[in-house]
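Below: the structure, in structure tokens.
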Amino acid sequence: MGPERDEDIPGWVRSLGLDGLVDLHLHFLPERMLVKVWAYFDRIGERTGYDWPIQYRVAEDERVALLESFGVLRYAPLAYPHKPGMAEWLNGWLSEFAERVPAAVHTATLFPEPSAGKYVAEALRAGARCFKAHVQVGAYDPRDELLDPAWGALAEAGVPVVVHAGHGPERGPHTGLDVFGEVLARHPRLTAVLAHAGMPEYDEALALVERYPRVHLDTTMVGVPFTEALMPLPSYWTDRLADIADRIVLGTDFPNIPYSYATQLRAVADWAADDRLGDDFLRAVLHDTPAKLLNL
Numbered sequence: 018m019g020p021e022r023d024e025d026i027p028g029w030v031r032s033l034g035l036d037g038l039v040d041l042h043l044h045f046l047p048e049r050m051l052v053k054v055w056a057y058f059d060r061i062g063e064r065t066g067y068d069w070p071i072q073y074r075v076a077e078d079e080r081v082a083l084l085e086s087f088g089v090l091r092y093a094p095l096a097y098p099h100k101p102g103m104a105e106w107l108n109g110w111l112s113e114f115a116e117r118v119p120a121a122v123h124t125a126t127l128f129p130e131p132s133a134g135k136y137v138a139e140a141l142r143a144g145a146r147c148f149k150a151h152v153q154v155g156a157y158d159p160r161d162e163l164l165d166p167a168w169g170a171l172a173e174a175g176v177p178v179v180v181h182a183g184h185g186p187e188r189g190p191h192t193g194l195d196v197f198g199e200v201l202a203r204h205p206r207l208t209a210v211l212a213h214a215g216m217p218e219y220d221e222a223l224a225l226v227e228r229y230p231r232v233h234l235d236t237t238m239v240g241v242p243f244t245e246a247l248m249p250l251p252s253y254w255t256d257r258l259a260d261i262a263d264r265i266v267l268g269t270d271f272p273n274i275p276y277s278y279a280t281q282l283r284a285v286a287d288w289a290a291d292d293r294l295g296d297d298f299l300r301a302v303l304h305d306t307p308a309k310l311l312n313l
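For what it's worth, the working numbering labels the leading residue of the sequence shown as 18, then goes sequentially.
Here it is, written out as structure tokens:
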């Protein structure tokens, strides 16, 4: 059983024999961007019919302190552009953030533009350990030939890229795991982490994990009551996890979630109640596999 409250997280993590958590999918952004992201979620009910109250709408230093209080040892702060010319600027901000926040790993992002291959290569040389590609927000086609040098460089480096390619929470012009599947067919060695386990295309996501040995799924918003009411997991979810237990990694979407951080951990703990998974699975998801991907 997972932690009931955020205050319970550190003790629960220690009970598993872990010193702390490694979160591969959460967000820190420049302040003016974050305000716009929160405004998007404030209005999502107008388009979808369900509200999304931000749980951790506090200042940046408070968010850093909260993660420390939860026992999150290291995390990948992800950011994403929605227009050309933005990714390189974000990469500079992310590099500076990692320098001033010890728990944050150096991350970067990309967008289909002529300079993508160049700045992705530069970020890799500078030590970026994880990238973010947000097909929905960016409204771009991940198969765009302008991204081929970037995908190729990431595949060669073995650096993970967290890809939001599924249709949830809202469809985009190029969302769909069939679309991103074409990228993987061209770059089969790409270390891709399918954000939100490809939600709601769980079956398609599982198929990509089984087809490509470097593809992983993150747990972000997966299996929590909020999402189960909208995009529920298939009944055989843990049956499938038993065969790919080493390719599931912790992600939470902190701070932009409409429930507590502990809620996500309880969902993962519920899967581990399956005798084929257990505490070894929890230790892998919560720490070992994301730590390996981030080269910690």
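By construction, the Cβ of each residue, glycine as well, lies at the ideal position given by its N, Cα and C atoms.
Here the alpha carbons of T208 and H184 stand approximately 21 Å from one another. Rounded to whole angstroms, the separation of the alpha carbons of L33 and L46 is 32 Å. Looking only at A133, P242, T236, the smallest Cα-Cα distance to R264 is reached by T236.
Following the DSSP letters along the chain, one finds T124 in no alpha helix (DSSP H) but inside the beta strand (DSSP E) bounded by residues 124 to 126. Residue state for P166 is assigned as helix, using DSSP reduced to three classes. Going by DSSP, F298 is part of the alpha helix (DSSP H) stretching over 295 to 300. In the structure shown, P27 adopts helical secondary structure according to DSSP, grouped into three states.
Residue state for A143 is assigned as coil, using DSSP reduced to three classes.
A residue is called buried when at least 16 other Cβ atoms come within 10 angstroms of its Cβ; S252 does not meet this threshold and is exposed.
Counting along the chain, the unbroken beta strand (DSSP E) around L211 starts and ends at 209 to 211.
As summarised for the segment 40 to 107, the continuous alpha helix (DSSP H) elements at least 4 residues long and confined to that stretch are 48 to 65, 77 to 87, given in chain order. With contacts defined as CB atoms closer than 7 Å, H123 and R146 qualify as a contacting pair. In the DSSP secondary-structure assignment, H233 is bridged to V210. DSSP places V179 inside the beta strand (DSSP E), whose first and last residues are 178 to 181. A93 is the residue among H99, Y97, A93 whose C-alpha sits nearest the C-alpha of E116.
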